[in-house]
Amino acid sequence: MSSRRPHPAWAPWLFLAPFLLFFAAFGAWPLVRSFVLAFEQTFGPRTTVYVGTLNFRFLFHDPLFWAAVRNTTVFTIGTLVVQVPVALALALLLNRPDLRGRSLFRLIFFSPTIVGSIFVGVIFSLLLEKRTGLVNTLLHAAFHSWNPDFPWVDGFVMPSLLMASLWLSVGFNMSYLLAALQNVPADQLDAAAIDGANAWQRFRHVTLPAIQPVIGILVLLTVVGALQLFDLPFILYADSFGNGPNNAALSIVTYLYQTGFRSGDLGYASAIGWILTIALVLIALGYRWLTRGEDAAA
Amino acid sequence: MKSFFAGFVRTLSPGIALVLGLGIISAVIVALLPLQPRGGIQIWLGDGNHANLYRALAPEWNSRHPDLPLTVSLISGPALQSRMLSGFYSGTPLPDLIEVERGQIGQVFAGPLKDVGFVDLTDLLARDGLKDEIDPASYSPWTSRGRIFGLPRGAHPVMLAYRSDLVEAAGIDVRRIETWDDYFRLMRPLLQDLDGDGYIDRYPLTISLTNASFSEIFLIQGGGGYFDGMGNPLLNSDANVRIVARLATWYAGPGRVIGDINMYTGAGLRLLREGYAVAIPSADWYVGNYPVTLPSLAGKIKLMPLPAWERGGRRTSANGGTMIGVTKASKHPEIAWELAKFLYFSPVIARQLYDLTHIVSPVKSTWSASYYDRPEPYFCGQPVGRLLQRAIPDIPPRPSSPYLSSAVQLVNSVITQLMAITDRQGYVRPEQAAGDARRLLDEAQHTLLDQIHRNVFQASPSP
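Here the protein sequences come in this chain order: C and A. All residue numbers for the first sequence refer to this note's numbering, where the first residue is 1 and numbers rise by one. All residue numbers for the second sequence refer to this note's numbering, where the first residue is 1001 and numbers rise by one.
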C-alpha cells in the first residue's frame, strides 16, 4: 500500500482546467455564438438584428445553396465511387509479394498528399489549361483531331475536381488499405488456396472481410472530407472565387465562406454551417448504425 | 497559501511547476506592457507602385506636418480587405486612410449607411469646392445610397489594344471601324487556322471568359449594367438582354469569333505574344502592363477606341479602379482628408502615376498636361495618354452595390448557360439567343432581388 497522501480533491480539475478553458473559449462558446448568429442578420459582429428563422427559411429557397448542395453531393458520391476502389486496387498491386521497389511506389503514390491541396489545385489548373496545358498539348500532339482548346476546367467541372481530388488523396487511402492488407492472416489465405479457392474467391471471402473495418473508416473519412470541399475549387476556379462556370464548382463550404467573409453576413453563413453540421452528424450516426454489428462482434 | 503552493509543486513536479510559473509570469508581463502609441498619419494600400509614389512624397508632407509624419503600409490585397473589414466590424486598429480596390469595396456598403467605416466625403467635397474637379463617372463605384465615400485614383477608360502588325499586314484599315459589327466583319480574315488542323489559332478579339469583370466592360458600354444609381438591380434590362445575347453568339456556336485567354497568367501572356488574339479591351492600367509584361511586342501594338454597339454609340467603357477613403477610426480626420487631397489632386503625383502605370487621373485640371501628348515608341508612336484622356468624358457610370459580386456572378452564370444553349442550338444571330437570354436574366434578377430583400440593413433610411 502506498505511503503517499492521496491527491487533493481539486487535483483532477486542475489537470482538466487547461483543456476545459480552451474548449470553452475555442469550442463551446463559438458553437453557442454561431447558433445564436444563425438567427440574426449581421453587418460584422457589432451590428446585428434578430431575424428569427428567416436565414433557415431563405436557405431552403436559395438556388445557390441548392446548387452548392447538389455539387457537394455529386462530388461526395463521385469521390466515394472512384477513390476507395482505386486506392484498394493500388494497395492490392503494392501488396504483391513479388513486387520490387514497393517503398518507392508507395512514396510516389503518397507524395501528392504531402504537397497538399493548394499545390495540387495549382498543378491541375496548369495541366488542364486550354491550349497551353500539358494534357491538351499532349493529346493534340498524339491525335491531331484533338481540340487544343478542349475546355477541361470550364466544361467538365466535376470530372476535373474529381481527378484532382483522386490524385491528392488516393495515396493516403492506399497506405491505410496496404497496412490492412499486410495484416490479413496468411494462414487463412493459404487454407483457402488449399481448399481450391481462386484469386477472386480468396479476395472476396478472406481478404475483403478482413479489411472491411478499414474500408469503413476510409468511407467515413472520405465522405466527411468531401462534404467539406473548399480548397480545390477555390484554387481551380480562383477567378470566380470558387464558383466555377454557372456555379458548377460551388460547394457548401465555399458558399458559407463567400456569405460570411465576402458578403459579411455571418448570420446566414452560420445557418449554412449548422445545416452542414447536422448533415455530418446524421452521416456519422448512419455510419454507426450500419456498423453496429461489427462493434458487437468486436 | 504556503501549503497550497507546496501541494501544487508536489502535484505537478518541480519542472512542470517551473515551466507553468514562467508561462504565467510572461503572460502577465506581456499583458501589462503598454501598447506603442501610433503616431502620425498612416495609409494602408495594396499597390506597390502607389506605395512607392507616396513614400517618395513623405518628406514633403512631413516637412509641412512634422508632428504627424506619414507612414505608408503596403499590404497584400486579401490581407488588406480582411484587416479593413475587421476594423470596421470589430474596432481592431485601423489607419487614417485606406486605398482600396473596387472588388473589395462592396462589402463595406452592406450595412446601414451610418455604419460604413469610411467618412462620408460628400459634404467635404462640396465644402472644398472639389466635387466638380473630378470626372463624375469616376465617383460612381465609391458611392452608396447617394453618398460618396472615396476619391477615385484613376478614370480607367477602356480602349481596344490591337496587334497593329497583324492588322496592317492584312490590309485592314481600322479607321473604317465604328461598331462591333464593323469590327468583326473587317477583322474576319484574321480569324485563322494557322496550322491547318481544323481549329482556330487566331481570334479577332479575346477576353477572359472566366474573369467575370470582363462582361461588365461590354454591358456598361452598351447602356446596360448591374445596378441603377440607387442600387436597384437591372440584370434583366433590355440593354442587358441584347448585349448578353450578342456576347453568347460571339463566344459560342458556329459563329464564334472570340478567343478565351486568362490574360493574368503566364500562359495567357504567351498566347498573346504568339498572336492568338488580335485585340483585347484594355483599361488604362492594363495598357501600362504591356511594355512590362510583353516587351517583345514593342512597336506591334496600337490603341483604338472600342467599337460601339450601334452607330453613334459610346466608344469606351471602364474597368477596375482604386479609391482612397478616410476611416472613421482616424484621430485626425481633417488632416487625413488634407493628405487624401494632397495625394489625389496633386499634378505631380498624377504625372508620376501616369509615367509608372498609364493610369489617367480623373482630376480635370490635369488633363491638359503635355505628358499625355508624348508619343510612345512601344505603341507605335501613339500619344497613348491623350487617347485615353479623350475617352474619359464618355465613360459610363458604374453604380456600386454590396451585391455587385453576386450580380457579376449571376450574369456570368447566365452567359455560361447561354453559351451552352448557343452551342447546342447552333445560334449564329443574337436575335436567336434573345429569348433564352431574357428568360435566364429574369431568373437572375429574381434571385438577386431575393438576396437584396433579405437584407434588413439596406432598408434603413439614408441620413
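Glycine is no exception: its CB is placed at the ideal position from the N, C-alpha and C atoms.
- The C-beta of residue 277/C has fewer than 16 other C-beta atoms within 10 Å across all chains shown, which makes the residue exposed.
- Annotation: residue 1060/A is outside any beta strand (DSSP E); the continuous alpha helix (DSSP H) that includes it extends over 1048-1064.
- Under the DSSP assignment, residue 1163/A falls outside any alpha helix (DSSP H), being part of the beta strand (DSSP E) whose first and last residues are 1158-1163.
- The straight-line gap separating the alpha-carbon atoms of residue 1239/A and residue 167/C is approximately 45 Å.
- Contact check for residue 1355/A against residue 1371/A passes: the beta carbons are separated by less than 9 Å.
- Looking from the CA of residue 61/C, the closest CA among 204/C, 272/C, 257/C, 40/C belongs to 272/C.
- Boundaries of the beta strand (DSSP E) harbouring residue 1070/A: 1070-1074, taken from the DSSP string.
- If you compare the alpha carbons of 284/C, 179/C, 242/C, 280/C with that of residue 88/C, the shortest gap goes to 179/C.
- The Cβ-Cβ distance between residue 72/C and residue 229/C falls below 9 Å.
- A straight line joining the alpha-carbon of residue 1455/A with that of residue 1447/A spans about 13 Å.
- Put simply, the CB of residue 1119/A is far from chain C, with every gap to its CB atoms at 9 Å or more.
- Taking 9 Å as the Cβ-Cβ cut-off, the stretch 1194-1210 of chain A approaches chain C at 1197, 1198, 1199, 1200, 1201, 1208, 1209, 1210, given in chain order.
- 1304/A is the residue among 1109/A, 1285/A, 1304/A whose C-alpha sits nearest the C-alpha of residue 1383/A.
- Between the stretch 1179-1193 of chain A and the stretch 1285-1293 of chain A there are fewer than three C-beta pairs closer than 8 Å, too few to call the two in contact.
- Using a Cβ-Cβ cut-off of 9 Å, residue 1074/A does not count as an interface residue toward chain C, since no Cβ of chain C sits closer than that to its own.
- Taking residue 37/C as the centre and dropping the five residues before and after it, the same chain places the C-beta of 266, 267, 270 closer than 6 Å to its C-beta, in chain order.
- Residue 1425/A sits exposed, since fewer than 16 C-beta atoms from the chains shown fall within 10 Å of its C-beta.
- Contact annotation for residue 47/C against chain A: 1089, 1111, 1112, 1115, 1457 [CB-CB distance below 9 Å, chain order].
- Going by C-alpha positions, residue 1307/A is about 47 Å away from residue 1093/A.
- Counting every other CB atom within 10 Å of its CB across the protein chains shown gives residue 57/C a total below 16, marking it as exposed.
- In this structure the stretch 245-257 of chain C does not lie against the stretch 101-112 of chain C, because fewer than three pairs of beta carbons, one per stretch, are closer than 8 Å.
- Sequence-distant partners of residue 1330/A (beyond 5 residues in either direction) whose C-beta falls short of 6 Å from its own C-beta, in its chain, are 1096, 1336.
- Secondary-structure assignment with DSSP links residue 1042/A through a beta bridge to 1071/A.
- For residue 148/C, the closest alpha carbon among the candidates 139/C, 156/C, 13/C is that of 139/C.
- Secondary structure of residue 1386/A (DSSP, three-state): helix.
- Interface residue (Cβ-Cβ distance to chain C less than 9 Å): residue 1145/A is not classified as such.
- Counting the other Cβ atoms within 10 Å of the Cβ of residue 1087/A gives 16 or more, which makes it buried.
- Residue 1121/A is positioned such that its CB atom lies no closer than 9 Å to that of residue 1154/A.
- Per the DSSP secondary-structure output, residue 1205/A pairs in a beta bridge with 1258/A.
- By the neighbour-count definition (other C-beta atoms within 10 Å, threshold 16), residue 1327/A is a buried residue.
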